[in-house]
Structures are given as structure tokens and as C-alpha cells.
Ligand code: UD1
């Protein structure tokens with residue numbers, strides 16, 4: 009298992025280019041199953057999760073090619089409607105094939121996703137949504153077995169709370185359902201808007217983009233299309249925090265600043281400033297970091313996927329901050345690892361209390377999940393001495409060559425290949 013060794017305290021300088029968004033590509037890849045023919049997705053980062061999704065689509069019978077950021081998916085000859093345990097257990101987003109398979113082939117068997125390091129991650133909203141659309145669903149031997157003889161039928165789905173995964177999955181099923189489907193309390197995340205653009209370009213009829221009510225007029229068939237993936241707002245946000253925590257005026261290029269407003273607001277309260285021009289953000293970091301409270305919530309509020317990284321920043325604030333996680337209340341495994349680096353964090357009832365310290369100090373730590381790993385990298389960049397982060401396969405799931413991007417702006421970070 010690979011590790012990172014970081015010698016902290018280096019000033020960073022220059023610009024970092026943001027890659028395409030993992031969380032946007034995953035549903036697009038599943039959506040490509042909705043039509044025969046070759047769909048093209050461009051600006052695709054080279055990430056383990058996307059390799060896992062490619063593997064799953066191949067099991068289903070799609071032909072996949074990836075070359076320098078261009079992914080081609082030909083779903084003409086799909087003949088196996090199953091997502092097996094070994095792939096679903098590696099990557100929960102495998103559940104995204106349920107909607108397209110039910111929509112186009114009227115059947116799907118998907119291994120039931122369990123919990124993961126960030127907590128229990130149920131899929132009940134996905135399943136009750138498909139039942140509303142007429143699917144029969146059985147849970148047997150650890151599998152979700154779903155079928156809808158004659159196809160899905162439009163219906164009204166009202167989510168009791170916002171779910172990105174369920175919104176994406178139900179959208180992908182509803183586009184080929186007979187009649188009209190209405191999804192109320194739909195997620196507003198940019199990745200959902202992007203999926204709607206992709207589906208509409210395939211010939212779907214979805215109205216209500218960027219609102220929480222989506223109206224889908226089912227169509228008989230879809231055609232393949234081409235799309236360029238939006239910038240990864242979480243990767244961009246991680247680099248913005250890298251600039252802030254190292255007090256370096258870094259330029260983050262190729263990002264969409266509109267997707268980062270909640271982060272900018274919190275960093276401005278901490279004392280940072282930003283110069284935004286088109287798709288470029290120049291971070292002007294705070295000299296003294298003011299403590300700021302954060303509550304994670306669905307978009308456009310502060311994202312759960314930046315909670316760990318923001319916590320790393322607050323460990324060096326001049327005072328006490330509180331970080332409350334409402335999406336995954338147990339998503340705090342990074343707190344104990346940050347404490348190994350001399351942070352002072354205690355967690356109770358879904359809220360972390362972070363008492364700022366003068367300095368972090370290098371130590372051996374362990375990556376526990378994808379965004380937690382990013383938080384440890386950020387802390388390692390400023391910790392005195394050497395930080396070794398083990399189990400960095402987590403970070404490879406979601407950050408394309410992070411050590412290369414950070415080295416290029418002056419960080420001392422090395423991958424040790426075991
Ligand atoms: C969530 C985040 C997403 C992030 C991803 C990975 C939100 C709203 N979603 O997406 O931004 O990229 O984690 O970190 O911020 N839930 C149920 N039943 C379901 C589905 C979800 O109870 O069937 C709950 C979840 O446990 C969670 C909340 O709803 O508390 C939001 O879940 P959802 O958005 O579906 O999760 P992801 O798609 O994994």
C-alpha cells in the first residue's frame with residue numbers, strides 16, 4: 009500500500025489546474041447505458057473510482073475505452089444486468105446502474121451496498137422511488153433484485169430530504185418511463201444539473217433544471233451523445249484550502265467559482281480574500297486565521313465533501329470553531345488523525361469542536377476515507393517536520409495526481425510505492 013511523505017512548512021507558489029469532477033462522471037457513465045451506440049465523455053480524470061465503474065460497465069456488456077481524458081462507452085451490446093458484490097463493495101456509486109438498467113432493460117440485480125467509513129449509507133429512497141415507478145423490488149441473498157415488466161411508469165416522487173444519489177438514479181430511470189414523472193425535493197448539486205444536460209442531449213425531456221422540482225416526460229428511446237465534464241468543485245476547494253492553510257497566494261485555474269460560493273463565504277469570514285476572473289481564483293490567504301463555524305448541508309450550502317479539509321484549516325485558527333456534519337454525522341474519523349498531528353479536536357453528537365493550536369507537528373497518520381485523506385495532506389503541508397500518510401489508496405479514488413499537482417507549486421510531497 010502506497011504512502012505519502014510530506015515535509016511541511018514550504019511556501020507554495022504558482023497555479024494548480026483542476027480536473028474533471030469524479031462525482032459528475034460516475035452518474036454520466038451509468039447514464040451512457042441508457043442508449044445503444046457510443047457516448048463520449050471528455051475531461052475525465054484518471055481515478056480508481058472511474059476504473060471501478062468502467063469495470064462494472066464492462067461486466068454489463070458495454071465497450072469502454074479511455075484515452076487521455078476521453079472516455080468512450082458503447083452500450084450497444086449489454087447482456088448482463090448485474091452489479092456484483094466485489095464491485096459494489098469497492099464503490100457505492102455502483103448503485104447508479106439501477107436506474108438505467110431498469111429504464112432500458114426493465115431488470116437489474118445490484119448487490120446491496122453496505123455502510124462505509126463515513127457511516128451508514130442507506131438506499132431506501134432509491135428503492136421506494138423505483139417502486140413508485142412500478143418496479144418490483146426484492147432483497148435476497150444480499151442483492152437488490154428489481155424488475156418492471158413492460159417498463160417503468162411515470163409517477164410523483166416526493167423525497168423527504170435531499171439525496172444526490174437518489175435524485176440521479178431516479179432521473180436516469182424516469183427518462184425512459186411511460187408518462188410523466190415529477191421529482192419533488194430534488195438535489196440541486198451541480199453534478200445533478202450536469203446529468204440533466206447530458207440526459208437532455210441524449211433526447212430526454214427533463215424540465216426544472218436548477219430547481220428542486222423536476223418534471224420528466226418519458227421518451228421511448230435515447231441516442232448517444234458527447235459531453236465535457238464540469239470541473240471538480242471538491243478538488244478545487246481542496247486546493248483553495250491548500251493555499252489558505254499554507255498562507256500562499258495560489259491561483260486555482262480551470263474551476264467554476266460559482267460552485268464554490270459556500271466555501272468562499274466561510275474562508276472570507278476566516279480572513280481570506282479572493283480575486284476571481286472567469287474560471288480562475290487567486291487566493292489571498294489570511295495572516296491570522298479567525299475561527300469560523302460550519303454546518304454541512306446540501307448544495308448550495310457547505311458541502312460534506314469539504315468538511316474534513318476545512319477542519320484541517322480550523323486546527324490553526326486563533327480560537328475555537330465548531331463543525332457540524334448533517335449529511336453523515338459519523339464522518340469524523342479524520343479528527344483523531346489530525347489530533348496525532350497536534351490538533352485539538354473533540355467530537356460529540358455530530359459536531360467537532362476545534363480549538364486552534366499554534367502549530368501542527370508531523371507524525372505518522374492513516375487515511376481513513378477519501379476526503380479525510382485530503383485533510384491529512386493539507387495538515388501535512390503545514391506541520392513542522394515530516395508527516396507520513398499511509399493507506400493513500402483512498403485519495404487515489406478521487407484526486408488525480410494530487411502529489412504531482414502540489415509538488416509543481418513547491419510542496420515537498422513524495423509517494424512511496426510499496
Ligand atoms: C453525499 C453528498 C454528496 C457527496 C457524497 C459523498 C449531499 C446531499 N450528498 O451524496 O454531496 O458527494 O455524499 O461524500 O451532500 N439517504 C438516505 N436514504 C437514501 C439515500 C440517502 O437516508 O436512500 C441519506 C444519507 O444517509 C445522507 C443523505 O440522505 O444522510 C444524503 O445522501 P445522498 O445525497 O444520497 O448521498 P450521496 O449521493 O452519497
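In the working numbering, the protein residues as written are 9 to 426.
Cβ coordinates follow ideal geometry from the N, Cα and C atoms, glycine included.
In this text, all values refer to a predicted model and were calculated from it rather than measured experimentally.
Residue from the options whose Cα sits closest to the Cα of residue i
i           : options               : result
residue 367 : 10, 32, 17 and 106    : 17
residue 348 : 335, 333, 365 and 358 : 365
residue 404 : 382, 247, 183 and 330 : 382
residue 135 : 117, 149, 124 and 127 : 117
residue 119 : 144, 133 and 101      : 101
residue 331 : 259, 345, 350 and 299 : 299
residue 78  : 307, 236 and 329      : 236
residue 238 : 228, 215, 214 and 266 : 266
residue 174 : 185, 159, 200 and 156 : 200
residue 216 : 313, 202, 228 and 248 : 202
residue 343 : 329, 362 and 392      : 362
residue 341 : 37, 93, 110 and 127   : 127
residue 309 : 42, 268 and 339       : 268
residue 293 : 270, 319, 250 and 305 : 250
residue 416 : 51, 152, 247 and 228  : 247
residue 288 : 260, 44 and 388       : 260
residue 350 : 380, 335 and 370      : 370
residue 139 : 164, 34 and 273       : 164
residue 230 : 132, 90, 274 and 113  : 113
residue 391 : 339, 414, 324 and 413 : 324
residue 227 : 27, 213 and 296       : 213
Outcome for residue i when other beta-carbon atoms lying within 10 angstroms are tallied against a minimum of 16
i           : result
residue 197 : buried
residue 411 : buried
residue 352 : exposed
residue 171 : buried
residue 84  : exposed
residue 285 : exposed
residue 30  : buried
residue 76  : exposed
residue 280 : buried
residue 407 : buried
residue 421 : buried
residue 122 : exposed
residue 333 : buried
Run of the beta strand (DSSP E) containing residue i, from where it starts to where it stops
i           : result
residue 330 : 328-333
residue 374 : 372-374
residue 321 : Looking at the DSSP string, residue 321 is not in any beta strand (DSSP E); the run it does join, the alpha helix (DSSP H), is 315-322.
residue 254 : Segment 241-254 is the alpha helix (DSSP H) holding residue 254; no beta strand (DSSP E) there.
residue 139 : Unbroken run through residue 139 is the alpha helix (DSSP H), 132-140; no beta strand (DSSP E).
residue 33  : No beta strand (DSSP E) holds residue 33; the alpha helix (DSSP H) holding it covers 30-39.
residue 282 : 281-285
residue 80  : 78-82
residue 295 : No beta strand (DSSP E) holds residue 295; DSSP gives it neither H nor E.
CA-to-CA distance, residue j to residue i, given in whole angstroms
i           : j           : result
residue 61  : residue 290 : 34 Å
residue 245 : residue 20  : 16 Å
residue 218 : residue 205 : 11 Å
residue 240 : residue 24  : 13 Å
residue 302 : residue 316 : 11 Å
residue 162 : residue 188 : 5 Å
residue 257 : residue 22  : 8 Å
residue 104 : residue 326 : 43 Å
residue 1   : residue 337 : Outside the displayed range of the chain (9 to 426) lies residue 1, so it cannot be described from this structure.
residue 57  : residue 232 : 23 Å
residue 6   : residue 396 : An answer regarding residue 6 cannot be provided, because it is not within the stretch 9 to 426 covered by the chain.
residue 87  : residue 253 : 50 Å
residue 409 : residue 144 : 43 Å
residue 374 : residue 354 : 18 Å
residue 242 : residue 156 : 37 Å
residue 183 : residue 108 : 9 Å
residue 167 : residue 191 : 8 Å
residue 400 : residue 186 : 45 Å
residue 208 : residue 106 : 19 Å
residue 328 : residue 81  : 49 Å
residue 53  : residue 36  : 13 Å
residue 9   : residue 425 : 7 Å
residue 71  : residue 282 : 44 Å
residue 154 : residue 180 : 15 Å
Residue interval of the alpha helix (DSSP H) (run including residue i)
i           : result
residue 58  : 56-68
residue 114 : Segment: none, residue 114 is in no alpha helix (DSSP H) and carries neither H nor E.
residue 381 : 378-390
residue 21  : Counting along the chain, residue 21 falls outside any alpha helix (DSSP H), and DSSP gives it neither H nor E.
residue 343 : 341-348
residue 174 : 172-182
residue 205 : 198-209
residue 272 : 269-278
residue 414 : 410-416
residue 352 : Residue 352 -> not in any alpha helix (DSSP H); beta strand (DSSP E) instead, spanning 352-356.
Any non-hydrogen atom of ligand 2 within 7 Å of residue i CB
i           : result
residue 348 : Although ligand 2 was asked about, the structure shown includes only ligand 1 as ligands.
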